[in-house]
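Enquirer:
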Amino acid sequence: MKPRHKKLAMIVAGVAALGVASVLVLDAFQSNLVFFFTPTQVAAKEVPIGKSFRIGGLVTEGSVQREDTSTTVYFSVTDTSHTIPVVYTGILPDLFKEGKGVVAQGKMSDRGIFKADEVLAKHDENYMPPEAAEALERAAKAQKASLSE
Amino acid sequence: MAINWFKYSSPASFYSLAGKMIPLFAAAAVILLIMGLYIGFFIAPTDFQQGEAYRIIFIHVPAAWMSMFLYVVMACWAGFGLAFNTRLSSMMATAIAPTGAMFTFLALWTGSLWGKPMWGTWWVWDARLTSELILLFLYIGFMSLQAAIDDPRRADKAGAIIALVGVVNIPIIYFSVQWWNTLHQGASVSVNQAPAMASTMLMGMLIMVFASWMYSIAVILKRVRIIILERESHTTWVAELQKDGVA
Amino acid sequence: MLSIGYNRKLLSYPFIPIVLQGIKVACVRGDRELFKDINFSLGTGGLLQVRGPNGSGKTSLLRMMCGLSLPASGEICWDGVSIGTLNEEYFARTTYIGHLGGVKDDLTVTENLCISSAMAGSEISSDDASKVLNTIGLGGREHLPVKVLSQGQRRRVALARLLVCNTTLWILDEPFVALDVAAVQLLREILERHLQQNGMVVMTTHQEIDINASSITQLQLF
Amino acid sequence: MHHRLLNCNYFDAMFLWIIKRDLLLAVRRRSDVLITLFFFVIVVSLFPLSVGPEMNLLRTMAPGVVWVAALLASMLSLNRMFSSDYQDGTLEQMLISPQSLPLLVLGKTLAHWLVTGLPLVLMAPVLGIQYDLPSDALFVLVISLLIGTPVLSLIGAIGAALTLGLRGGGVLVSLLVLPLYIPILIFGSGAVEANMAGVDFAAHLSLIGAFFFVSLVFAPWVTAWSLRVSLE
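So the sequences go chain by chain: A, B, C and D.
For the first sequence, the working numbering begins at 641 and goes up steadily by one.
For the second sequence, the working numbering begins at 6 and goes up steadily by one.
For the third sequence, the working numbering begins at 10 and goes up steadily by one.
For the fourth sequence, the working numbering begins at 24 and goes up steadily by one.
(1) What are the uninterrupted segments assigned as alpha helix (DSSP H) that are 4 or more residues long and contained completely in the stretch 92-149 of chain C, given in chain order?
(2) Could you check which residue in A/Gln681, A/Gly696, A/Thr729, A/Pro733 has the C-alpha nearest to that of lysine 121 of chain B?
(3) Is serine 95 of chain B helix, strand or coil by DSSP?
(4) Between the stretch 48-61 of chain B and chain A, which residues of the former have a C-beta closer than 8 angstroms to a C-beta of the latter?
(5) Kindly indicate which residue of B/Leu140, B/Phe108, B/Ile166 has the alpha-carbon position closest to the one of leucine 150 of chain B.
(6) For aspartate 111 of chain D, decide whether its Cβ has a neighbour in chain E, counting only Cβ atoms nearer than 8 angstroms.
(7) Smallest Cα separation from leucine 93 of chain B: which of B/Phe63, B/Arg236, B/Phe46?
(8) Go to tyrosine 109 of chain D, then tell me how far its alpha helix (DSSP H) extends in each direction, as first and last residue.
(9) For the stretch 108-121 of chain C, which residues have a beta carbon sitting closer than 8 angstroms to at least one beta carbon of chain D?
(10) Should proline 243 of chain D be flagged as near chain C, meaning a C-beta pair shorter than 8 angstroms?
(11) Please report the straight-line C-alpha distance between isoleucine 32 of chain C and phenylalanine 180 of chain B, rounded to a whole angstrom.
(12) Hey, how far is the Cα of asparagine 204 of chain D from the Cα of alanine 93 of chain D?
(13) In angstroms with no decimal places, state the Cα-to-Cα distance between tryptophan 87 of chain C and alanine 101 of chain C.
(14) Which residue's Cα is closest to the Cα of glycine 164 of chain B: B/Ala88, B/Leu246, B/Leu207?
(15) If the criterion is Cβ atoms closer than 8 angstroms, does the pair leucine 199 of chain D and leucine 114 of chain D meet it?
(16) Does any residue of chain D have a CB that is nearer than 8 angstroms to the CB of cysteine 75 of chain C?
(17) Who are the Cβ neighbours of methionine 202 of chain B in its own chain at under 6 angstroms, not counting the five residues just before and after it?
(18) Please state whether DSSP places leucine 11 of chain C in a helix, a strand or coil.
(19) What does cysteine 174 of chain C pair with, by DSSP beta-bridge criteria?
(20) Buried or exposed for phenylalanine 47 of chain B, going by 16 or more other Cβ atoms inside 10 Å?
(21) Quick check on isoleucine 225 of chain C: does DSSP put it in helix, strand or coil?
(22) At the 8 angstroms Cβ level, is valine 743 of chain A part of the contact set with chain D, yes or no?
(23) Show which residues of chain C have a CB atom less than 7 angstroms away from the CB atom of histidine 239 of chain B.
(24) Quick one: does arginine 82 of chain D have its CB under 8 angstroms from some CB of chain C?
(25) Compare the C-beta of glycine 232 of chain D against all C-beta atoms of chain A and say whether one is closer than 8 angstroms.
(26) Whole angstroms are fine: how far does the CA of valine 665 of chain A sit from the CA of aspartate 46 of chain C?
(27) Please identify the residue among D/Val144, D/Val196, D/Val194, D/Tyr154 whose C-alpha is closest to the C-alpha of proline 173 of chain D.
(28) Let me see if you follow: with CB-CB separation under 8 angstroms, is glycine 213 of chain D close to chain B or not?
(29) Using the C-alpha atoms, what's the distance from alanine 226 of chain D back to isoleucine 27 of chain C?
(30) Within its chain, find whatever has a CB closer than 6 angstroms to the CB of glutamine 122 of chain D; leave out the 5 residues flanking it on each side and keep chain order.
(31) Check threonine 187 of chain B in the structure and name its three-state DSSP category.
(32) With valine 50 of chain D as the anchor, note down where its alpha helix (DSSP H) starts and where it stops.
(33) What does isoleucine 154 of chain B touch in chain D if you count any residue whose Cβ is under 7 angstroms from its own?
(34) List, in order along the chain, the chain D residues whose C-beta lies closer than 7 angstroms to that of alanine 101 of chain C?
(35) DSSP state of glycine 702 of chain A, grouped into three classes?
(36) Within 8 angstroms of any Cβ in chain B, is that where the Cβ of lysine 685 of chain A sits?
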């Protein structure tokens, strides 16, 4: 091979390698490389069995029940299509609220309840004064009402 | 008005130009900082979900932005110095590194203070936090490599190579919240979307960003001046400068 | 002239004269300027002797001529083209033997010669290698690891490369150091022969050694 | 006897020459190779001694421990990658050889992996058994190391080249190289953990594969560049 051909061959090989690399990256992003699993994945049994993992979603409205004598809390996590019941003993973060984001780490028990060792609140990127939030909420309700009529 | 910009690419003339510019940027930084902090802590309304704790964004977000932005600027200067053998751009890169590292540390620290009350944990190994931590390591690596090499020309070039290699990390930090479902929330302010933020809050934050820019420019220019003096200590103009300083 | 046992094959020196030229070359080490405005010019068949006290930048200048480092300012040109842009083309025409011989302690003499010549672009068989080693006075030691050899013998292993390489320009840093009388004589003959065949030699030396060449240039550094 | 081993007669065999040379040198200096391997074994074996023999805990830790130890062991050997060639002047000769320097560097990197990375890969199952890893997890561990350790050598070469001949080069190389190793560590041990958790691990391996190809293209080139800077 002449040096010029050799250089060309090396460039072609390099471009090919980068092509393979990008295919591999795209492939990786197709599958689940995740910080947490969604309730749908849990329902579809796509989660580690008998192992600790994280579950993420919204706290279902009206699902939070606290025990009077201890710090144990019952609530459920939803991604609107599936809902998983969760039990947790400990102090909840300030931002833990019904309808808000949450990430819990723990294991599935045999009875299909997620026993959390740690509950983290996941807040969204929206910042606004409470009045604005209320106004938005009222507007959303009004829209909903007008749609259902 | 014709300015001969190339004139300022020589360390000697840049030294005096920087000397004139530093007070301007420093003053701008102080004024913007006071304005930004005032808006952030007294005028901006309480957040509907995070209450008062959200106010840390006025420091956290500018710091995080600066940490990434300064790294890119540093790598650009370093790469420029490597490609065209221009001493001044390599000195700029060296001068940027400590400020970049400071902002990275600030972003991690304030983020951690924020995380405890909001998320319920100081630290979590998600993609955003991990890649920002790597950024801090990259800054430290760059600085220690340059510190270990005695010959300034080699130090400039070696630093440039490691800085350019580390640039890979920047898009990873920036897009991590989109690529992986992290605990960290998405961007509140981005190019292609309306900001998800009330306007007073946004204004406070942007003013703080400008304050950080002014501060960085002032500090970096100051540091470049010192580096120029060190590197050019054998030249006649530095000797004359010192004579004038004594007299 | 004594015959030199081993005949180099396929000498590909073009007979158009080539010039290695330095134009206002400067060298800075750390903060210190070692030299500046150095000009030199070396044509085919010419010998350039670089002289100067310790620390005057002789080795630095030689490394610049090899393309190992860049001049702080000025330019070194091969056939009118800056060597910085020629790179591999230029490296194929030069052989450099520095202070460090480029000899590996853990390899045998033959292995060293085979590998270093392959690296320089001219592969040789082990038969060729043993012929060369005989010429340079290392016969019988071909299969010894270099670490058991004396300083002078190591130096010979490094210099053996000159007998197998196919290059025009030889850049030698103190080639006579550590050599005994016979080896000095041998090296002198090798150099003279190379110069006669339109080769070019740049070297530094402290010893007074008279080499017959059509043109000898002295370059004094301070 | 050995010179016959080195006698390759095909054209442009420099890439093979340099690999053979480095392997030959490694054979002549076996202790250097063995030290890296022992280091790996000892570090991995220290953990059960310090955290106690509880098997569940050990099984959870295993992927991380093996990967961290592999990472440290390969880093430990980085210094040797260019330093002996630097000291005896052969590196100078490589830099002014008419051969393509990135290709020579690639050859040296491959040789480095063959003498340090590959033994770690082969050793890993034995150590995994110490940690009571199930056999399919052992398999994933070996695969992840097989794809991941070459990346460690490729990236490590950059650090080794940049710190050539510096005071405290050993510590410095770790400071430069470890941040760049972190993704490999995360996805390497992540693959094994995912497999043990019964989740799909292919995505982790794909990402390490992508790192491998990207560093295969760029690392030798950057290393060559760094060597020129360091020797100037």
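For each residue, glycine too, the CB sits at the ideal point set by N, CA and C.
Expert: Put simply:
(1) With a minimum length of 4 residues, the unbroken runs of alpha helix (DSSP H) contained wholly in the stretch 92-149 of chain C fall at 92-95, 97-100, 118-128, 135-144.
(2) With distances taken between Cα atoms, lysine 121 of chain B lies closest to A/Pro733.
(3) Correct three-state label for serine 95 of chain B: helix.
(4) Pro50, Thr51, Asp52, Phe53, Gln54, Gln55, Gly56, Ala58, Tyr59
(5) Closest by alpha carbon: B/Ile166.
(6) Among the protein chains of the structure shown, namely A, B, C and D, there is no chain E.
(7) B/Arg236
(8) Its alpha helix (DSSP H) spans residues 103-111.
(9) His108, Leu109, Gly110, Gly111, Val112, Lys113, Asp114, Asp115, Leu116, Thr117, Thr119, Glu120
(10) So no, proline 243 of chain D is outside the interface.
(11) 51 angstroms
(12) Per the sequence shown, residue 204 of chain D should be read as tyrosine rather than asparagine. Looking at the two C-alpha atoms, the distance is approximately 11 angstroms.
(13) 12 angstroms
(14) B/Ala88
(15) Result no, Cβ atoms of leucine 199 of chain D and leucine 114 of chain D do not sit closer than 8 angstroms.
(16) For cysteine 75 of chain C, the answer is yes, since a Cβ of chain D falls inside 8 angstroms of its Cβ.
(17) So the list reads Ser193, once near-sequence residues are dropped.
(18) Confidence is the limiting factor: at leucine 11 of chain C the pLDDT is only 37, short of 50, which leaves the residue's position unreliable, though a coordinate-based value still follows. Correct three-state label for leucine 11 of chain C: coil.
(19) In the DSSP secondary-structure assignment, cysteine 174 of chain C is not bridged to any residue.
(20) exposed
(21) strand
(22) Among the residues facing chain D, valine 743 of chain A is not included, as its CB has no counterpart in that chain under 8 angstroms away.
(23) Asp40
(24) no
(25) yes
(26) Rounded to whole angstroms, aspartate 46 of chain C to valine 665 of chain A spans 54 angstroms at the Cα level.
(27) D/Val144
(28) no
(29) Their backbone Cα atoms lie some 59 angstroms apart in a straight line.
(30) Met37
(31) Looking at threonine 187 of chain B - three-state DSSP - the assignment turns out to be coil, as it is neither helix nor strand.
(32) 37-51
(33) Leu189
(34) Pro121
(35) coil
(36) By this cut-off, lysine 685 of chain A is not an interface position.
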